[in-house]
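Here the structure comes first, spelled out in structure tokens, and everything after it is commentary.
Numbering (the UniProt record's numbering), first residue to last: 1 to 754.
As structure tokens, this is what we get:
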């Protein structure tokens, strides 16, 4: 255990209070181990020895040269001082310049005739090449061979550039690393020896030394390869252990029961399931029929029919005597799911054919085989949200505990302690990225045994991210759109450069409405009093915001009023946002769905789940303020019927800006998986992994879930093999220690849950 304690040593003890405090407050570095795992972001080469007549502009170079002359110049009426040093290598000349307080030391040391090495970035001033504030090293050795050898070593040196902060420069971090680097020899190696030797990896102490103080680029490559594997492997072992423990848990098998709700529902369907829907449903049904809990991620393109697949799984469970719960992230989405599921089921969702007299501890009536929650003809579909009235809420809770409700749809309210189920057999979590893992597990804990779990997301996830963020789940992909879905044309509207394009956008909206259709207008902000207060507070704390961000994001209430008075005058324009009372929100959505509202001006509350086939146009204001995947989700609200969809991305961002590049990428393709890759490439790794996966995010420093697919896949295979042979890792104590060190407490608690 002594080896572990060296990594746990507080930085304050080695670096002193002030430096340790800055590292803790601004870089989240607290221990020796934290600092040793704070790897350089990149490396600067001092450059090769270069003749002064052939220096590349804007590149870092190293030259060995002799000082020809040095003189101090004054400017600003004598208030400013500048040291100009002229170098020669016998064939050409180069000027060095030092300003201000940086003048004193080089003025004393860089005397005419002195030889030294100089490193810096080549620039041009007054048509002459120069190095501004270069680093240098005097060559005071007499032997020419020794001088040449020293010059070669200096020129080839790699300078680590660390992730730094305003309060702590990279070079000060490097100095601190030098202080703790001897502790690298005490690193506990998580990789089993057979794996390490089989793949030819350097040892962990050697990897830490090479990542921080490499002599060559090969050192960096060897270190990064080894450290990537550590991160991928330890994480995949943690996930493999969870999957393994899940397979050991008991669950009620929910096999097929012919002639009941699912068969009746399928017989009512007015269309044929897509091949993808059938394939994914078969995977889910196989899982439900086992006596261990299903843990499956269903990711599907916008409009691919995930809700239908989930409903069929829910009906299978209800047929087998269980209850099902669908957890939605917002009230609007919960209400939409309740509405659409009730409509899809039709008379099967009516409260009839239920057996109230069945004992609460009885799964079935012995005379007819029917279970609470569903009969051969129907089941009760219940909505449970935090804003429901007392009477409705009391009835919903009663329906859950007695088993009369076979299907319950709700928000976080489902997780509350007072919510009890008679026999919860399946939990469906919609838009998992909006929930913490603890919330998912809180709902699962309400079953008599572990319920089956189906996680749905309409945000396409590249395979590597699925293996990392959702690595405890098996994955099903629904990427085939149902027949009859219409194409969506997408265009960027450069409102600042070409304001007449925006005028034309509103004309197109009016044309769609006149053609009998409806439209959405999406804004990033509400524009009410609460919104304004937050905006002012944000401005105070963001003095460095650039010009493009200084204007507040466009707001629903403002834009709706402008449209109703101006370009959309005469149309039925209404608003929808998250701070409206629930009954108002529901009323607006009902009237929009019924065609009694022409244009709905809304925030992103309509991002997922909203299904109005008659809505054919969407205008997204300040589209550059949204992420790529979010834009793709929003766009998926149109083109859901037989008429073509239109999505207009309005932006004032400059044509050459990254923001406009993102919008152009969205306009160019409807492939959600392609867009998710673009999105991930443009975002920080932490954003990809998300707050809900905080342990993963904090543990990945060199591994990229975007780029390192081969490493992650190979690490997953190794992890599965090792955990199958030794689930408790009794023969690998170093690996168990690494799990504790690399995964933070919250994540570890999550992984250890059943």
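All C-beta atoms in this analysis are idealised placements derived from N, C-alpha and C, irrespective of residue type, glycine included.
Nearest to residue 491 (by Cα), restricted to the options 307, 635, 592:
Checking every option, the nearest Cα to that of residue 491 belongs to 635.
In terms of alpha-carbon separation, which member of 316, 724, 734 lies closest to residue 240?
It is 724.
Tell me the rounded alpha-carbon separation between residue 738 and residue 183.
Residue 738 and residue 183 have their alpha carbons spaced roughly 16 Å apart.
Close Cβ partners of residue 352 (< 6 Å) along its chain, the five nearest in sequence each way excluded:
Only weak support is given to the placement of residue 352: the predicted model assigns it a pLDDT of 34, under 50, and the question is left unresolved by the model.
Who are the near neighbours of residue 588 in its chain, counting only those whose CB is closer than 8 Å to its CB and skipping five residues on each side?
Listed in chain order, the non-local C-beta contacts of residue 588 below 8 Å within the same chain comprise 574, 575, 576, 580, 597, 600, local neighbours out to five positions each way being set aside.
Is it true that the segment 225–233 meets the segment 269–281, where meeting means three or more beta-carbon pairs spaced less than 8 Å apart?
Contact between the segment 225–233 and the segment 269–281 is absent: fewer than 3 CB-CB pairs across the two stretches fall below 8 Å.
In angstroms with no decimal places, state the Cα-to-Cα distance between residue 615 and residue 647.
Counting only the Cα atoms, residue 647 lies some 11 Å from residue 615.
Going by other Cβ atoms of all chains shown within 10 Å of its Cβ, with 16 needed for buried, is residue 104 buried or exposed?
Burial state of residue 104 is exposed, judged by a 10 Å Cβ sphere holding fewer than 16 other Cβ atoms.
Flag this pair as yes or no: are the beta carbons of residue 121 and residue 95 separated by less than 8 Å?
It is not a contact, given that the beta carbons lie outside the stated cut-off.
Pair within 8 Å by beta-carbon distance, residue 454 and residue 298
In this structure, residue 298 lies closer than 8 Å to residue 454 by Cβ.
Please go through the same chain and pick out, in chain order, the residues whose beta-carbon is closer than 8 Å to the beta-carbon of residue 114, but skip the five residues on each side of it.
Sequence-distant Cβ neighbours of residue 114 in its own chain, meaning closer than 8 Å and more than five residues away, are 66, 67, 138.
Taking Cβ positions, are residue 638 and residue 645 nearer each other than 8 Å?
The answer is yes: Cβ separation under 8 Å.
Candidates 604, 641, 715, of which the one nearest residue 623 by Cα
Nearest to residue 623 by alpha-carbon distance, out of 604, 641, 715, is 604.
Which residue or residues does DSSP assign as beta-bridge partners of residue 341?
For residue 341, which the question treats as bridged, DSSP gives no partner whatsoever.
Could you compute how far the alpha carbon of residue 505 sits from the alpha carbon of residue 528?
For residue 505 and residue 528, the gap between their C-alpha atoms comes out near 26 Å.
Cα-Cα, which of 126, 167, 214 is closest to residue 18?
For the residues 126, 167, 214, the minimum Cα distance to residue 18 belongs to 167.
Taking the runs of the alpha helix (DSSP H) that are 4 residues or longer, which of them lie wholly in the segment 709–738?
Runs of the alpha helix (DSSP H) inside the segment 709–738: 709–725.
Which residues mark the beginning and the end of the alpha helix (DSSP H) in which residue 41 is found?
From DSSP, residue 41 is part of no alpha helix (DSSP H); its letter is neither H nor E.
Across the segment 273–284 and the segment 292–308, are there enough close Cβ pairs to call them in contact, namely three or more that are closer than 8 Å?
With the cut-off at 8 Å, the segment 273–284 and the segment 292–308 touch.
Evaluate the contact criterion for the segment 319–334 versus the segment 378–388: three or more CB pairs, one atom per stretch, below 8 Å.
A contact exists between the segment 319–334 and the segment 378–388.
Just verifying my parser: in three-state terms, what is the DSSP assignment at residue 474?
The answer is strand: DSSP assigns residue 474 an E or B state.
Looking at the secondary structure, which residues open and close the alpha helix (DSSP H) in which residue 8 lies?
The continuous stretches of alpha helix (DSSP H) do not include residue 8, and DSSP gives it neither H nor E.
What residues in its chain sit with their C-beta under 8 Å from that of residue 3, if we drop five residues either side in the sequence?
Bear in mind that the predicted position of residue 3 carries a pLDDT of just 42, short of 50, making it unreliable; the figure below should be weighed with that in mind. Shown here for residue 3: same chain residues with a beta carbon closer than 8 Å to its own, the five before and five after excluded, namely 186, 187, 188 in chain order.
Kindly indicate which residue of 300, 69, 54 has the alpha-carbon position closest to the one of residue 63.
Proximity to residue 63 across 300, 69, 54 peaks at 54, based on C-alpha coordinates.
Just confirm the distance between the C-beta atoms of residue 232 and residue 711, as a whole number of angstroms; I'd bet it's less than 8 Å.
Your pair residue 232 and residue 711 checks out as a contact, with CB atoms roughly 5 Å apart and the cut at 8 Å.
Cα-Cα separation, residue 649 to residue 79:
If I take the Cα positions, the gap works out to 53 Å.
Rounded distance between the beta-carbons of residue 410 and residue 424, thought under 8 Å:
That belief does not hold up - the Cβ atoms of residue 424 and residue 410 are roughly 13 Å apart, past 8 Å.
Ignore the nearest five residues each way along the sequence and tell me which others in residue 662's own chain have a CB closer than 6 Å to its CB.
By the criterion of a C-beta distance shorter than 6 Å, residue 662 is surrounded in its chain by 628, once the five residues flanking it on both sides are discounted.
Boundaries (first-last residue) of the beta strand (DSSP E) holding residue 81:
Annotation for residue 81: the continuous beta strand (DSSP E) segment containing it runs 80–88.
Cβ of residue 313 within 8 Å of Cβ of residue 341?
With respect to the 8 Å criterion, residue 313 and residue 341 are not classified as neighbours on the basis of their beta carbons.
For residue 123, the three-state DSSP class (helix, strand or coil)
Correct three-state label for residue 123: strand.
Leaving out five residues on either side along the sequence, give the residues of the same chain with a beta carbon under 7 Å from the beta carbon of residue 26.
The residues are 165, 167, 168.
Identify the continuous alpha helix (DSSP H) that holds residue 559 and give its terminal residues.
556–565 is the extent of the alpha helix (DSSP H) around residue 559.
If you count every other CB in all the chains shown that lies within 10 Å of the CB of residue 8, and 16 or more means buried, which is it?
The residue in question, residue 8, is exposed, as its Cβ has fewer than 16 Cβ neighbours within 10 Å.
What three-state label does DSSP hand residue 574 in the structure shown?
It is a strand residue.
Distance CB(residue 428)-CB(residue 705) smaller than 8 Å
Going by C-beta atoms, residue 428 is not nearer than 8 Å to residue 705.
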